[in-house]
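Residue numbers (this note's numbering), protein chains in the order written: chain A, 47 to 307; chain B, 47 to 307; chain C, 47 to 307; chain D, 47 to 307.
Here's the structure, in structure tokens; my notes come after.
There are 4 protein chains.
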Amino acid sequence: MLIQASCLLDFTCTTQVPTTFMLRARSGVGQFVIKEELHTSPFRTMTEFTDNYGNLCQRIVLPEGNFRIESSVLADCMPTIEVDHNAGWTAIEYLPDFMLHYLLPSRYCESDKMADLAAEITKDFKQGYPQVEAIRQWVHSNIRYQYGTTNSSTSAWDILSTKTGVCRDFAHLGISLCRALDIPARMVTGYLYGLKPMDLHAWFEAYLEGRWYCFDATQTEPKGNRINVAYGRDAADVAFASHFGPVVLNRMEVKVEEKVM
Amino acid sequence: MLIQASCLLDFTCTTQVPTTFMLRARSGVGQFVIKEELHTSPFRTMTEFTDNYGNLCQRIVLPEGNFRIESSVLADCMPTIEVDHNAGWTAIEYLPDFMLHYLLPSRYCESDKMADLAAEITKDFKQGYPQVEAIRQWVHSNIRYQYGTTNSSTSAWDILSTKTGVCRDFAHLGISLCRALDIPARMVTGYLYGLKPMDLHAWFEAYLEGRWYCFDATQTEPKGNRINVAYGRDAADVAFASHFGPVVLNRMEVKVEEKVM
Amino acid sequence: MLIQASCLLDFTCTTQVPTTFMLRARSGVGQFVIKEELHTSPFRTMTEFTDNYGNLCQRIVLPEGNFRIESSVLADCMPTIEVDHNAGWTAIEYLPDFMLHYLLPSRYCESDKMADLAAEITKDFKQGYPQVEAIRQWVHSNIRYQYGTTNSSTSAWDILSTKTGVCRDFAHLGISLCRALDIPARMVTGYLYGLKPMDLHAWFEAYLEGRWYCFDATQTEPKGNRINVAYGRDAADVAFASHFGPVVLNRMEVKVEEKVM
Amino acid sequence: MLIQASCLLDFTCTTQVPTTFMLRARSGVGQFVIKEELHTSPFRTMTEFTDNYGNLCQRIVLPEGNFRIESSVLADCMPTIEVDHNAGWTAIEYLPDFMLHYLLPSRYCESDKMADLAAEITKDFKQGYPQVEAIRQWVHSNIRYQYGTTNSSTSAWDILSTKTGVCRDFAHLGISLCRALDIPARMVTGYLYGLKPMDLHAWFEAYLEGRWYCFDATQTEPKGNRINVAYGRDAADVAFASHFGPVVLNRMEVKVEEKVM
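What follows is the structure in structure tokens.
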């Protein structure tokens, strides 16, 4: 299905602020980017680089005053997420080298502290996909989605106490519990068609039997038509904007629409 | 200056043909891609990967019958090429590691056979930029631009005999002569505003005192407003289409226009 | 100065345990590896890969029973660490792309929580090297070195409360405080000649004015003759052994000696 | 089987000569490096980097006068090469992305000119391993091994006329014919136990059904106990020494011995 998505950010800076954006989606498994654009006002060019995870990052020094950036993308997407209850766990010795990296704890995913909880949640489930789905459902049922209860320092360990959070927190907890079971897991940010209320979204993927599967603990029943924008270990790697200085975000507007060919 | 460029390719295949395209420009030094799109008819998705040179490549199996692909890009470009007659030669021991690669001979650039010629051409010039400019002018003056005199097997060594060629041959000879003097050189394919007749173009870059400089031996006086699409050692690395099977190219249409913001 | 260093690890496993080692030093800035060897008993081969940080990693499934691994290296090292009190801070917009990564918080380095503390510690110091040296001295003076007070889950934030730790904790705190000031910082594990008691060691590096500088908060006056073995964001990236299963470490023996040519 | 191999090179330079060596073997598929050392006289350190093919390269400026370098390695090797007459051809659309690179022509392997010859040689053979083995035998039977008939500019195309060459030429021709059939092929340099006369050796590998297979056209019946030192498209990528200036090689001594554990 063709999805047209866009994200508009409107900032005010009282001084120049070096910033890194991660706003431009690229083609990947199950996703083909047909058209992609990035406009700023006032007009500025940026330098771009590809990070360790293959994400395209934009570097710019935001000017004093108002600055608007709008990223939009037209992509062919999978209408449903792939589900395979028979996808097994991959023993560590058979993981590709670069996958080991996704077993490690990271800033917001203290998997090293969650072995017992992960074992408890998944004790009645077969290794592999069923474990991850059990984790997803447990997070969905035990954490309450609520804006304003967490901030950019909140980790998976933190929300185990508060039991509330937003999409990034749900993803962090899912990732942490997977890694605690030696299942590689990573964070994805992007667009989800039909999300309510519409916003930039975050979810997680688990690597099972040779491929990544999509899991979204914020949804009762995860849907497809997602555009993946950035991948990483956790939110530290995939922030849509990293500002090195004070910035006010006046407005953020996300649109995701079906496009008929 | 904003440049809008596009390339339309129209093929006919009598069988399925695996193909790799290199058609999507990316941001780089002096070039910022604002908008980029790739359309095919009939509609097909592709897989994309980034090669050793940072180029974005598209893989597809061309279907039997007609197939049309159109790539277009809007980019902010440098209106003039940078020229610095004082840019010196970088001694080999001070080259960055990955630059050594551009000193080696390659398929179409037999630099190992051209030490004497390169020395002769540049004997009255200062090391560095003046040498490369002397090479560029020598190629421009000694090779006649003529379509149909060379093919995909023609190398720089070959055109030293025939004295004719097209843009890729001019670039190969320039690259070979630079490498023969231990100056890193690479090929660039892309768009050039105002090129006559309009076509996909190729030129070369030489690495001098810490940065790449643009040289174009097909032009009397090289102009800016170029969109770089692909980089590599020579044409083997940067073919806009590599077909693994028989394909007829019915039509190719390239447009490059100034765009007012 | 030539340094001969070795590390012997003696394990017992009650089951097969997939393990990743990071034990083989490589040449780098100020360090040239002349001779390097890795022996195991019983004899086993391993697969090796290079991670995102350039570290050479060894993968093996430890067999049931006893397993001994001994890594040794002979390297030419710098007899003193480089110190430059005039090395300034590099503004974010001038950092190389891949350096941005070392500004982010990571599992054991919650730099996002330490902006105020970092500002307080360095308020009387010039930007750059003097700030980092102030951080190093503050950590050295305020944290007590004591074995057994921390474990593999202890982060920099944790030891701000307990005020005790070992070399990895000292490094984590130093790194976190640097990043809180937008100074790229990374962890190094390796050998230090003359360390008492002798052990595998960890310290940190800060990137200032175009190069990495060595800082060691465990020492009153940091000394040279170090062999760097692994680099990373924090201990999650550079563990000398990551076991995916239960392993008993019976013995660990580290030797570091001067070698006369 | 454990193999101990070493290579001693003795040079004289009348001026300082920047040089890149590729002399240090690394672990890889079927090869585990236990011990590795590099000594020079007079003593010099080098900088090392890893190239696009994963080879460890050493950079140094050779001093005026005599210079000796000795590289030695102890590795666990496969006693026989793997042979699988049923290993099929991998269709291009199923090759991993980075494998496409090994289908391209390169400096010494003008595969673009050899489609007819490759088809003729392999016309009676099944796609895949049997084709490559037919190529290997054809090269072995049709090219005469003779020192001094070729030099560093000789390509595969050249030896099709002269019908003579040394190991690197045999490898280049084998590689070219494979690529002409859309079979990825690469060059390997290294040590071969039992080679007569003993020397640094070169051979080729073809990628068939998901893995690389070893082929050696200089041998009647290829044997194992090889230590791979460097990989690349052809000799341009894997020269054991690339000198950028005049150097006299006084002596070269290669030893390869079985080592009992």
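Glycine included, each C-beta is placed from N, C-alpha and C at the ideal position.
Where residue 248/D sits in the DSSP three-state scheme: strand
The stretch 106-139 of chain C: positions lying closer than 8 Å to chain A by Cβ: Answer in chain order: 107, 137, 138, 139.
Within-7 Å CB hit, residue 73/B to chain A: yes
CB contact flag (residue 199/C, residue 118/C, <7 Å): No, the pair does not count as a contact, with Cβ atoms beyond the cut-off.
Through-space distance from residue 109/B to residue 159/D, alpha-carbon basis: 27 Å
Ordered list of beta strand (DSSP E) runs contained in the stretch 67-107 of chain C, each at least 3 residues: Under the rule that a run must span 3 or more residues, the beta strand (DSSP E) segments found entirely inside the stretch 67-107 of chain C read 78-87, 93-96.
Those residues which DSSP pairs with residue 63/D across a bridge: 108/D
Rounded separation between residue 271/A and residue 50/A - CA only: When rounded, the distance between both Cα atoms is 10 Å.
Cα-Cα separation between residue 181/D and residue 269/D, rounded to whole angstroms: 17 Å
Other residues of its chain near residue 275/A: CB distance less than 6 Å, five sequence neighbours each side excluded: For residue 275/A, the CB contacts under 6 Å within the same chain, skipping 5 residues up- and downstream, are 71, 235, 236 in chain order.
Buried versus exposed call for residue 307/A [16 or more other C-beta atoms within 10 Å across all chains shown]: exposed
Close-in-space but distant-in-sequence residues of the same chain around residue 245/C (CB under 7 Å, 5 per side omitted): If we look at residue 245/C and ignore the five residues flanking it on each side, its Cβ neighbours are 300.
Residue 289/D - partner residues in DSSP beta bridges: 65/D
Three-state secondary structure (DSSP) of residue 52/D: strand
Beta-carbon spacing of residue 113/B, residue 103/B below 7 Å: no
Check whether residue 221/C and residue 155/C have beta carbons under 7 Å apart: yes
Cα-Cα separation, residue 86/D to residue 79/C: Rounded to whole angstroms, the separation of the alpha carbons of residue 79/C and residue 86/D is 12 Å.
Amino acids of chain C, ordered along the chain, whose beta-carbon sits closer than 9 Å to that of residue 69/D: Ordered by position in chain C, no residue passes the 9 Å Cβ test against residue 69/D, which lies about 13 Å from the chain.
Proximal residues of chain B, C-beta to C-beta of residue 66/A below 9 Å: What residue 66/A touches in chain B: nothing, since even the nearest Cβ is about 14 Å away.
Chain C within 7 Å of residue 216/D, Cβ atoms only: no
Nearest-angstrom Cβ-Cβ length linking residue 107/B and residue 63/B, presumed shorter than 8 Å: Yes, they are in contact, since the Cβ atoms of residue 107/B and residue 63/B sit about 7 Å apart, within 8 Å.
Same chain, Cβ closer than 6 Å to residue 152/D, five either side skipped, listed in chain order: 279, 280
Extent of the continuous alpha helix (DSSP H) to which residue 225/D belongs: 213-226 is the span of the alpha helix (DSSP H), which, as asked, contains residue 225/D.
Beta-carbon gap between residue 83/A and residue 81/B smaller than 7 Å: yes
Simplified DSSP assignment, three categories, for residue 301/D: strand
Segment contact flag, the stretch 246-254 of chain D with the stretch 209-226 of chain D, C-beta cutoff 8 Å, min 3 pairs: yes
Residues, ordered as in the chain, of the stretch 264-279 of chain B that lie near chain D by beta-carbon distance below 7 Å: none
CB contact flag (residue 263/A, residue 178/A, <7 Å): no
Of the residues 174/C, 128/C, 57/C, 134/C, the one placed nearest residue 77/C, counting alpha carbons only: 128/C
Neighbour flag for residue 159/C against chain D, beta carbons, 7 Å: no
Contact belief for residue 136/B with residue 303/B at Cβ below 8 Å, rounded distance in angstroms: At roughly 37 Å, the Cβ-Cβ gap does not stay under 8 Å, so residue 136/B and residue 303/B are not in contact.
DSSP-derived helix/strand/coil call for residue 164/D: helix
Bounding residues of the alpha helix (DSSP H) (the contiguous stretch that carries residue 203/D): 202-208
Beta-carbon proximity check, residue 226/D vs residue 164/D, cutoff 7 Å: yes
Three-way DSSP call (helix, strand, coil) for residue 132/D in this model: coil
Candidates 100/D, 90/D, 146/D: closest to residue 68/D by CA position: 100/D
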